[in-house]
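J.: Residue numbers (this note's numbering): 6 to 507.
No residue lacks a Cβ here, since even glycine has one placed at the ideal position from N, Cα and C.
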């Protein structure tokens with residue numbers, strides 16, 4: 006274990022005492038995020054090629070897989086967005102030039118360099134992001150031409166040369182093919198295509214991209230998404246022997262969960278359709294509760310190039326957190342970062358995809374070292390405004406005390422009075438827990454959610470000893486449902502702000 010124990014002793018829930026204990030690793034800082042980024046770059050980057058080597062010893066000077074270079078570029082862009090440092094802005098341009106030289110000037114018609122659709126789409130997305138970050142037209146132009154190539158096929162196809170003739174999009178059955186021979190449809194091309202289309206829509210306002218994104222998301226959701234528990238299937242092949250003509254592989258992959266979340270959030274941002282946000286939350290909860298082990302550690306796999314999956318996941322889970330205001334995932338992700346960083350190789354500051362164990366001291370692959378640096382660039386360090394002092398809450402009409410709510414963070418206190426304060430314990434029960442009702446406001450927990458019922462519109466704050474979830478405005482008297490990790494919370498209902506005294 007790392008750091009200090011935080012004890013929550015709470016009296017009054019169902020007339021009993023509930024005690025919860027959570028171990029918190031030592032918290033990473035923004036300076037740690039910079040150290041991790043710079044160490045990763047120093048070990049794996051080729052100054053000559055301006056791309057990343059496969060191995061830390063640069064054996065054979067082998068450059069890492071083409072599609073993963075786009076992900077490393079994303080990490081660099083996130084480092085620049087986090088810090089504004091010129092060194093990272095310079096490297097954004099450098100990695101583009103490295104790809105330009107290595108991959109035939111982003112000539113998407115070259116079927117030897119660009120030999121599969123999803124390899125192209127990862128770069129198309131990153132090129133679109135580079136335009137968002139820098140405003141340089143060359144990035145947008147390359148992204149647009151690449152998207153057209155994937156969707157419609159080659160400009161001058163030659164029959165029999167091994168390249169595709171009609172593109173990835175299947176106008177007859179829907180969705181996108183994974184490879185040029187059109188023998189399967191994968192999540193790894195369909196959801197990234199939604200992301201690519203929405204990235205281009207946001208920059209160009211061309212409605213055709215928006216329409217393509219909605220179409221592919223709807224098709225992929227029907228085929229690949231488990232609407233009960235948030236699983237995202239890996240691939241689908243047509244099979245006449247199956248009942249619906251499709252054979253679906255439900256192997257769970259962290260990056261597929263991530264790109265599904267990213268696709269849903271981009272559409273949510275554009276439409277404010279709650280169903281997209283609900284989908285993203287369901288997929289994130291699947292990672293948290295079904296794919297992570299009992300210690301809440303992000304899963305990893307040992308296959309070729311699979312160490313990069315958590316880096317991809319980081320790119321999209323932050324959109325759910327920030328754009329969807331789902332801050333309940335921050336403690337979980339910070340725990341993973343803190344665990345991985347605490348197990349780093351102190352000689353090199355490299356980290357490993359298995360956060361729970363010490364980083365290997367021998368030769369490492371670039372894929373396997375990417376997770377912690379990537380997460381650190383997007384997940385902010387813990388806030389200084391943390392609940393630490395005693396608070397008074399109303400439970401079943403009686404005043405009870407919550408004591409010993411402390412953290413390792415900077416001291417802060419929340420000053421009463423407030424309109425209404427309730428305490429609630431959230432777990433994975435599918436049965437509604439006995440909650441609290443006062444002045445026509447009810448607060449209770451069910452299935453990883455805090456539910457607030459109110460006869461009039463209200464504002465809601467959710468607090469723990471680690472973080473504060475900014476208030477959510479209720480528009481009407483419908484239930485407000487807030488998905489939360491298992492734990493103990495204080496829920497404030499009312500318009501009066503909680504005052505923070507540092």
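If we call anything under 8 Å between Cβ atoms a contact, is residue 48 one with residue 353?
T.: yes
J.: Residue 325 and residue 289 - do their beta-carbons sit closer together than 8 Å?
T.: yes
J.: Quick check: is the beta carbon of residue 457 nearer than 8 Å to any beta carbon in chain D?
T.: Of the chains in the structure shown, none is chain D; there is only one protein chain.
J.: To the nearest angstrom, how far is it from the Cα of residue 319 to the Cα of residue 382?
T.: Those two C-alpha atoms are separated by around 9 Å.
J.: Count the CB pairs spanning the segment 195-209 and the segment 134-153 that are closer than 8 Å, and state whether there are at least three.
T.: yes
J.: Please report the distance separating the alpha-carbon of residue 152 from that of residue 110.
T.: 15 Å
J.: Would you call the segment 245-254 in contact with the segment 281-297, where contact means no fewer than 3 C-beta pairs closer than 8 Å?
T.: no
J.: On the CB-based measure, 16 or more other CB atoms within 10 Å of its CB, does residue 415 come out buried or exposed?
T.: Below a pLDDT of 50, predicted positions are generally treated as unreliable, and residue 415, at 26, falls in that range; the measurement from the model is reported next regardless. The residue in question, residue 415, is exposed, as its Cβ has fewer than 16 Cβ neighbours within 10 Å.
J.: What residues match up with residue 242 in a beta bridge as DSSP calls it?
T.: 252
J.: Is residue 56 helix, strand or coil when you go by DSSP?
T.: strand
J.: Residues in the same chain with beta-carbon distance under 6 Å from residue 360, minus the five sequence neighbours each way, listed in chain order, please.
T.: 302, 341, 344 and 345
J.: Could you tell me whether the Cβ atoms of residue 180 and residue 240 are closer together than 8 Å?
T.: no
J.: So residue 193 is in the alpha helix (DSSP H); what residue range does that whole segment cover?
T.: 192-209
J.: Do residue 68 and residue 54 have their C-beta atoms closer together than 8 Å?
T.: yes
J.: For residue 89 and residue 58, what's the separation of their Cα atoms in angstroms?
T.: 25 Å
J.: Looking at C-alpha atoms only, which residue of 128, 86 and 330 is the closest neighbour of residue 103?
T.: 128
J.: Taking its Cβ as the centre, do 16 or more other Cβ atoms sit within 10 Å of residue 448, making it buried, or is it exposed?
T.: buried
J.: From residue 334 to residue 62, what distance separates their C-alpha atoms?
T.: 36 Å
J.: Note down, in chain order, each residue of its chain lying with its Cβ closer than 7 Å to the Cβ of residue 79, except the 5 sequence neighbours on either side.
T.: 131, 134 and 320
J.: Tell me, which residues are paired with residue 362 by DSSP?
T.: Looking at the DSSP output, residue 362 bridges to nothing.
J.: Which of the three DSSP states is assigned to residue 370 in this structure?
T.: strand
J.: Return the CA-CA distance between residue 279 and residue 330, expressed in angstroms with no decimal places.
T.: 13 Å
J.: Please report the straight-line C-alpha distance between residue 268 and residue 200, rounded to a whole angstrom.
T.: 5 Å
J.: Thinking C-alpha only, which one of 156, 36, 162 and 467 is nearest residue 175?
T.: 156
J.: In whole angstroms, give me the CA-to-CA distance for residue 143 and residue 202.
T.: 17 Å
J.: Let me check one thing: in DSSP terms, what residues is residue 174 bridge-paired to?
T.: Partner(s): 181.
J.: Expressed to the nearest angstrom, what Euclidean distance is found between the alpha-carbon atoms of residue 246 and residue 387?
T.: 53 Å
J.: Considering only C-alpha positions, which residue in the set 337, 385 and 230 is nearest to residue 298?
T.: 337
J.: Under the assumption that residue 60 contacts residue 368 (Cβ atoms under 8 Å), give the Cβ distance between them as a whole number of angstroms.
T.: Residue 60 to residue 368, Cβ: 5 Å. Contact.
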